[in-house]
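Asker:
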Amino acid sequence: TPSGSLTGRRVVISAGGTREPLDPVRFIGNRSSGRQGAALAAVAAARGADVELVAANVDAALLPDGVRVTAVETTAELYDVMTDRASAADVLVMAAAVADFRPVQVAGSKTKKTADGSVAPIELTENPDILATLATGRRPGQVVVGFGAETGDAGGSVLDHGRAKARRKGADLLAVNQVGNGQGFGDVPNHVVVLDASGAEVGCVEGSKDEVAAGLWDVIASLFTD
Ligand code: C5P
Numbered sequence: 187t188p189s190g191s192l193t194g195r196r197v198v199i200s201a202g203g204t205r206e207p208l209d210p211v212r213f214i215g216n217r218s219s220g221r222q223g224a225a226l227a228a229v230a231a232a233r234g235a236d237v238e239l240v241a242a243n244v245d246a247a248l249l250p251d252g253v254r255v256t257a258v259e260t261t262a263e264l265y266d267v268m269t270d271r272a273s274a275a276d277v278l279v280m281a282a283a284v285a286d287f288r289p290v291q292v293a294g295s296k297t298k299k300t301a302d303g304s305v306a307p308i309e310l311t312e313n314p315d316i317l318a319t320l321a322t323g324r325r326p327g328q329v330v331v332g333f334g335a336e337t338g339d340a341g342g343s344v345l346d347h348g349r350a351k352a353r354r355k356g357a358d359l360l361a362v363n364q365v366g367n368g369q370g371f372g373d374v375p376n377h378v379v380v381l382d383a384s385g386a387e388v389g390c391v392e393g394s395k396d397e398v399a400a401g402l403w404d405v406i407a408s409l410f411t412d
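Residue numbers 187 to 412, in the UniProt record's numbering, belong to the letters of the sequence shown in order.
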């Protein structure tokens with residue numbers, strides 16, 4: 187196959203951000219637009235892959251042509267779809283921003299203010315780690331890719347946190363990008379460092395989300411063994 191071709195590869199990509207309901211009208215969510223995952227899906231389709239985009243709350247205008255789209259809302263739904271598709275996929279990409287926690291109680295009707303002004307706490311429970319689950323269960327030759335949105339802090343740099351995450355998750359590749367201060371989320375250029383499961387740097391891609399998608403597919407395709 188020509189270099190960069192994804193002809194015949196079966197690719198499943200998650201994109202967007204999961205929402206965890208509190209009641210019928212409220213949720214805990216995040217600011218992921220789904221643009222990076224949508225760009226990855228568009229590039230993969232253009233290179234000949236068979237692509238399913240599992241879209242968590244992605245604006246319909248961002249969904250590319252030429253890919254199958256499965257819509258999900260919650261982490262539990264995303265988990266079910268990704269684990270269902272896993273065995274048939276050649277490449278699994280977790281570009282979605284997944285809620286780490288979900289409310290224990292989901293009210294059946296809209297929560298009201300109390301007469302005495304008291305505020306009920308929201309009890310949270312941990313969601314499953316989908317990427318770690320996919321990485322643990324992967325079959326030989328399958329490529330599992332994750333993203334790590336990081337901010338530097340007193341505990342370490344963006345890359346320090348990324349390396350620790352790469353080792354923890356066990357994916358073949360972890361694309362680490364800096365977020366916050368107007369970077370990473372939304373329609374802005376991305377700077378992505380690609381790490382392997384040991385935390386070693388295997389590539390670096392910069393530019394628009396389309397350019398980052400193209401560069402990431404080059405790195406992913408370099409891992410194919412057949
Ligand atoms: O730990 P963190 O959320 O920063 O890890 C980011 C990577 O892990 C992303 O690829 C994201 O899709 C994935 N993830 C996941 N399940 C979770 C949390 C994150 O698959 N519960």
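Glycine residues also receive a C-beta, built at the ideal position from the N, C-alpha and C atoms. Nothing here was measured: the structure is a model prediction, and the numbers come from that model.
Using 7 Å as the cut-off, classify the Cβ of Ile406 as near or not near the heavy atoms of the ligand C5P, replying yes or no.
Answerer: Locating residue 406 in the sequence shown gives position 220, counting from the first residue. Not under cutoff, so the answer is no.
Asker: Can you tell me which of the three DSSP states Asp396 falls into?
Answerer: Taking the sequence shown and counting its residues from 1, one reaches residue 396 at position 210. Three-state result, Asp396: helix.
Asker: I believe Val380 touches Leu402 by the beta-carbon criterion, under 8 Å. Please report the beta-carbon distance rounded to the nearest angstrom.
Answerer: Here the question's residue 380 lines up with position 194 in the sequence shown. Here the question's residue 402 lines up with position 216 in the sequence shown. Between Leu402 and Val380 the Cβ distance is about 7 Å, and since that is below 8 Å, they are a contact.
Asker: Can you say whether Ala321 is buried or exposed, counting buried as having 16 or more other CB atoms within 10 angstroms of its CB?
Answerer: Your numbering for residue 321 matches position 135 in the sequence shown. So Ala321 counts as buried.
Asker: Where does residue 424 fall in DSSP's three states?
Answerer: Outside the shown range of the chain, which is 187 to 412, sits residue 424, and nothing can be said about it.
Asker: Inspect the beta-carbon positions of Leu264 and Ser200 and report whether they are closer than 8 Å.
Answerer: Here residue 264 refers to the residue found at position 78 of the sequence shown. Here residue 200 refers to the residue found at position 14 of the sequence shown. Contact: yes.
Asker: What alpha helix (DSSP H) runs, 4 residues minimum, are completely inside the region 234-281?
Answerer: 261-271
Asker: Which residues does DSSP pair with Ala361 in a beta bridge?
Answerer: The residue labelled residue 361 in the question sits at position 175 within the sequence shown. Per DSSP, Phe333 and Val380.
Asker: Could you round the C-beta distance between Met268 and Ile308 to whole angstroms and report it? I think they count as a contact, below 8 Å.
Answerer: The count along the sequence shown starts at 1 and reaches residue 268 at position 82. The count along the sequence shown starts at 1 and reaches residue 308 at position 122. Wrong, their Cβ atoms sit about 26 Å apart, outside the cutoff.
Asker: On the premise that Lys299 lies in contact with Pro210, defined as a C-beta separation below 8 Å, what is that separation, rounded to the nearest angstrom?
Answerer: Reading the sequence shown from its first residue, position 24 is the one you call residue 210. Reading the sequence shown from its first residue, position 113 is the one you call residue 299. Actually they are not in contact, since the Cβ atoms of Pro210 and Lys299 sit about 16 Å apart, beyond 8 Å.
Asker: Starting from Arg196, trace the beta strand (DSSP E) in both directions and tell me its first and last residue.
Answerer: For this step, residue 196 is matched to residue 10 along the sequence shown. Note, Arg196: beta strand (DSSP E), Arg196 to Gly202.
Asker: Counting along the chain, where does the alpha helix (DSSP H) carrying Leu317 start and finish?
Answerer: Within the sequence shown, the letter at position 131 stands for residue 317. Residues Ile316 to Thr322.
Asker: When the Cα of Ala352 is compared with those of Glu397, Leu360 and Val258, which residue comes out closest?
Answerer: For the purposes of this step, residue 352 is taken as the residue at position 166 of the sequence shown. Here the closest residue by C-alpha is Leu360.
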